[in-house]
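Step one of this worksheet: look at the structure below.
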Amino acid sequence: MKVFENNIQYTFKDISLLELALTHSSYANESKTHMEYNERLEFLGDAVLQLITSEKLYTENPDMPEGRMSKQRASLVCEDALAEYSKQIDLGKFMLLGKGEENTGGRERPSVLADAFEAVIGAIFLDGGIEPAKKFVRRFLDDAHLSMQDFKTLLQEIIQKNPGERLSYVVVGESGPDHDKSFTVEVKLNSNPIGTGTGKSKKQAEQQAAKEALGLMGYNFK
1 MKVFENNIQY
11 TFKDISLLEL
21 ALTHSSYANE
31 SKTHMEYNER
41 LEFLGDAVLQ
51 LITSEKLYTE
61 NPDMPEGRMS
71 KQRASLVCED
81 ALAEYSKQID
91 LGKFMLLGKG
101 EENTGGRERP
111 SVLADAFEAV
121 IGAIFLDGGI
131 EPAKKFVRRF
141 LDDAHLSMQD
151 FKTLLQEIIQ
161 KNPGERLSYV
171 VVGESGPDHD
181 KSFTVEVKLN
191 SNPIGTGTGK
201 SKKQAEQQAA
211 KEALGLMGYN
221 FK
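Shown next, in the form of structure tokens:
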């Protein structure tokens with residue numbers, strides 16, 4: 001559990017909450033004793049996730065209409081998105097699964113991972129309150145929301161107006177432990193650097209580099 005706590009960057013006061021969050025119904029059903037599983041924590045975590053995501057969209061986008069905020073929230077917390085977040089912390093590796101679920105690929109199944117991710121949020125919320133839950137969730141939302149603001153595509157569209165010009169993205173630095181790496185990327189126009197970005201993933205760093213390049217071209221973003 002210590003390894004997983006390192007992955008999620010949170011240390012539990014009540015470790016049984018984390019154990020419950022990682023217990024799938026298939027494992028509990030195969031147990032010879034009555035055992036709880038993560039369904040109730042998932043219910044709570046879903047509500048906490050919706051609140052944190054809604055607050056982020058509301059406070060960071062003062063001019064965004066309600067309909068667009070709803071669509072962006074749905075994209076940020078859909079099953080596929082949650083499953084992708086869970087893979088960043090190796091959640092599937094630490095889950096308690098029944099033999100049947102294990103043998104049919106449960107550790108990689110998006111629905112299983114998404115539910116467990118919400119359960120972990122619920123567990124953090126019960127153990128430490130809203131602030132550590134927010135810190136945990138925002139790690140993933142910031143990256144995903146940045147990807148929605150597709151600076152790379154905008155930069156590419158601008159550069160394509162000049163035939164013969166070519167963009168490339170190069171990783172120029174990495175730092176931090178495996179569970180919390182940071183990447184630095186340069187975007188180059190032909191062979192000339194025009195922007196640099198840093199992020200928790202190469203994708204995020206590329207977006208930041210493109211954003212900086214656009215800023216130097218006179219484009220402004222919140």
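Residue numbering for the sequence shown follows this note's numbering, starting at 1 and increasing by one per position. For every residue, glycine included, the Cβ atom is placed at its ideal position computed from N, Cα and C. Predicted model, so just to flag it, every value in this text is computed and none were measured.
Close Cβ partners of residue i (< 7 Å) along its chain, the five nearest in sequence each way excluded
| i | result |
| --- | --- |
| residue 39 | 25 |
| residue 90 | 7 |
| residue 96 | 22, 23, 24, 27 |
| residue 176 | 182 |
| residue 110 | 79, 80, 83 |
Residue range of the unbroken beta strand (DSSP E) whose run includes residue i
| i | result |
| --- | --- |
| residue 175 | 167-175 |
| residue 189 | 182-189 |
Under the three-state DSSP convention, the category residue i falls into
| i | result |
| --- | --- |
| residue 197 | strand |
| residue 29 | helix |
| residue 58 | helix |
| residue 15 | helix |
| residue 104 | coil |
| residue 132 | helix |
| residue 142 | helix |
| residue 150 | coil |
| residue 160 | coil |
| residue 178 | helix |
| residue 63 | coil |
Range of the contiguous alpha helix (DSSP H) that encloses residue i
| i | result |
| --- | --- |
| residue 112 | 110-128 |
| residue 4 | 2-8 |
| residue 36 | Where residue 36 is concerned, there is no enclosing alpha helix (DSSP H), given that its DSSP letter is neither H nor E. |
| residue 71 | 66-76 |
| residue 87 | 79-88 |
| residue 215 | 202-216 |
Beta-carbon proximity list for residue i, same chain, < 6 Å, skipping 5 on both sides
| i | result |
| --- | --- |
| residue 173 | 184 |
| residue 93 | none |
| residue 140 | 85 |
Whole-angstrom distance between residue j and residue i, CA atom to CA atom
| i | j | result |
| --- | --- | --- |
| residue 13 | residue 127 | 7 Å |
| residue 117 | residue 100 | 21 Å |
| residue 22 | residue 65 | 37 Å |
| residue 102 | residue 49 | 27 Å |
| residue 134 | residue 52 | 6 Å |
| residue 155 | residue 206 | 11 Å |
| residue 37 | residue 16 | 11 Å |
| residue 180 | residue 201 | 9 Å |
| residue 189 | residue 166 | 6 Å |
| residue 19 | residue 32 | 18 Å |
| residue 157 | residue 169 | 15 Å |
| residue 214 | residue 163 | 18 Å |
| residue 44 | residue 115 | 11 Å |
| residue 62 | residue 55 | 11 Å |
| residue 83 | residue 113 | 5 Å |
| residue 219 | residue 60 | 18 Å |
| residue 216 | residue 132 | 36 Å |
| residue 72 | residue 81 | 12 Å |
| residue 107 | residue 160 | 42 Å |
| residue 136 | residue 143 | 12 Å |
| residue 178 | residue 2 | 15 Å |
| residue 120 | residue 30 | 22 Å |
Those residues which DSSP pairs with residue i across a bridge
| i | result |
| --- | --- |
| residue 23 | 96 |
| residue 192 | 189 |
Residue i: CB within 7 Å of a non-hydrogen atom of the ligand NAD
| i | result |
| --- | --- |
| residue 211 | Within the structure as shown, the ligand NAD is missing, as the structure has no ligands at all. |
Sequence-distant residues of the same chain with beta carbon closer than 8 Å to residue i, five excluded per side
| i | result |
| --- | --- |
| residue 209 | 169, 185, 186, 187, 195, 196, 197 |
CB contact below 8 Å: residue i versus chain B
| i | result |
| --- | --- |
| residue 65 | Reference to chain B is not applicable here, since this structure consists of a single protein chain. |
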